[in-house]
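**Student:** Numbering (our numbering), first residue to last: 27 to 314.
Cβ coordinates follow ideal geometry from the N, Cα and C atoms, glycine included.
These figures come from a predicted structure and were not determined experimentally.
Take a look at this one; I'll ask things after.
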């Protein structure tokens, strides 16, 4: 078992809930509905061609049998998630090269479609149910852009940004319910205040839905994460900041704060403040 997100859409400054941001909007591109079971793992394979100035990655992975399901679909011909990512290292903002990753993906699975569910509900009455419109080998595609710009010589201080979009026609099946996403922020290393292993992070993100997805939820439809009877749509926005203090070599303590406006893309909800305290321990293996 492996995680597709450990290979694609990685970013030095926004990729790990163990030591960086906690909100999913800063871990991966939320518009990338990557193949995974409910725990985030899948089976599949990937290959990389690495050059000094560019890299290309390709991968194909199993999709779950149902949305956010634990079991993976064995019908590999009609159920799989494919992605291609190209990475380049142009020099744009500073003398230190930027890392640019551009990815396209396409999922094949037994998925339902939002408009089909709305049409079916209009004929039969009642709220729409996307599970009743699932058909084999439905397709969902999207694109993602991932930027990483080191600002310090050691790379501990830098900027990041992600931009993502998917077609928003078929149901969210594996990651999270967003059809477009934008995030940006910074990490600051602690060398400037003589705490070289400490980190400060700050990020801003926005996630949104396609018209079909928003209409489905507004009519009372349910997704595997969203749906409370009626949606008053507005894109969800998040601001998050954290301070990681490396207390000793093997232990780090992080204080984290999130402000989430219109959670679940619903203007009738929130805003919500989330305060977190995280302790990260790691094993240090010595060598003679």
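#1: Is there at least one non-hydrogen atom of the ligand GDP closer than 6 Å to the beta-carbon of residue 102?
#2: Just verifying my parser: in three-state terms, what is the DSSP assignment at residue 314?
#3: Using CA atoms only, rank isn't needed, just tell me which of 220, 84 and 255 is closest to residue 152.
#4: So residue 242 is in the alpha helix (DSSP H); what residue range does that whole segment cover?
#5: Kindly identify the DSSP beta-bridge partner or partners of residue 287.
#6: Since residue 243 and residue 194 should fall inside the 8 Å C-beta cutoff, what is the C-beta to C-beta distance between them, to a whole number of angstroms?
#7: Considering only the alpha carbon of each residue, which of 117, 83 and 239 lies closest to residue 108?
#8: Which value, in whole angstroms, describes the spacing of the CA atoms of residue 123 and residue 241?
#9: Let's see if you can read the secondary structure: which residues bound the beta strand (DSSP E) around residue 188?
#10: Please report how far the alpha carbon of residue 92 lies from the alpha carbon of residue 134, in whole angstroms.
#11: Rounding to the nearest angstrom, what Cα-Cα distance links residue 164 and residue 137 in this structure?
#12: Looking at C-alpha atoms only, which residue of 214, 228 and 173 is the closest neighbour of residue 180?
#13: Determine, using beta-carbon pairs with one atom in the segment 69-89 and one in the segment 40-52, whether at least three such pairs fall under 8 Å.
#14: Measure the CB-CB distance between residue 263 and residue 228 and report whether it falls below 7 Å.
#15: Could you give the distance in angstroms between the alpha-carbon of residue 150 and the alpha-carbon of residue 144?
#16: Taking one C-beta from the segment 54-73 and one from the segment 30-38 each time, how about it: are there three or more such pairs within less than 8 Å?
#17: Distance check for residue 31 and residue 78, CA to CA, integer angstroms please.
#18: State the CB to CB distance for the pair residue 28 and residue 64, rounded to an integer number of angstroms; the pair is presumed to be in contact (CB under 8 Å).
#19: Could you please give me the residues that DSSP links to residue 139 through a beta bridge?
#20: With which residues is residue 168 paired in a DSSP beta bridge?
#21: Taking contact to mean at least 3 C-beta pairs separated by less than 8 Å, is the segment 201-220 in contact with the segment 183-190?
#22: Decide if residue 98 is buried, meaning its Cβ has at least 16 other Cβ atoms within 10 Å, or exposed.
#23: Considering only residues of the same chain and omitting the five flanking positions on each side of residue 320, which have a CB-CB separation below 7 Å?
#24: Report back the beta-carbon spacing between residue 140 and residue 167 to the nearest angstrom; my notes put them in contact at under 8 Å.
#25: Going by beta carbon distance, what residues of the same chain come within less than 7 Å of residue 314, once the five residues before and after it are set aside?
#26: Specify, as a first and last residue, the run of the beta strand (DSSP E) that residue 227 falls within.
#27: Quick check: the Cα distance between residue 231 and residue 286, rounded to an integer number of angstroms?
**Tutor:** Looking at the atomic coordinates:
#1: Ligands in the displayed structure: none, and consequently the ligand GDP is not present.
#2: Low local confidence applies: a pLDDT of 47 at residue 314 is under 50, so the model's placement there is unreliable, with the coordinate-based value given in what follows. Residue state for residue 314 is assigned as coil, using DSSP reduced to three classes.
#3: 255
#4: Per DSSP, residue 242 belongs to the alpha helix (DSSP H) from 237-244.
#5: 263
#6: Between residue 194 and residue 243 the Cβ distance is about 12 Å, and since that is not below 8 Å, they are no contact.
#7: 83
#8: 43 Å
#9: 184-192
#10: 12 Å
#11: 6 Å
#12: 214
#13: no
#14: no
#15: About 10 Å.
#16: They touch, by the three-pair rule.
#17: 23 Å
#18: Their Cβ separation, rounded to whole angstroms, is 15 Å, which puts residue 28 and residue 64 out of contact at 8 Å.
#19: 196
#20: As DSSP reads the structure, residue 168 sits in a beta bridge with 131 and 192.
#21: yes
#22: buried
#23: With the chain represented from 27 up to 314, any question about residue 320 goes unanswered, as that position is not in the structure.
#24: About 15 Å separates the two Cβ atoms, so there is no contact after all.
#25: Summary for residue 314: the model assigns pLDDT 47, below 50, so the residue's position carries little reliability, and this model does not support an answer.
#26: 225-234
#27: 10 Å
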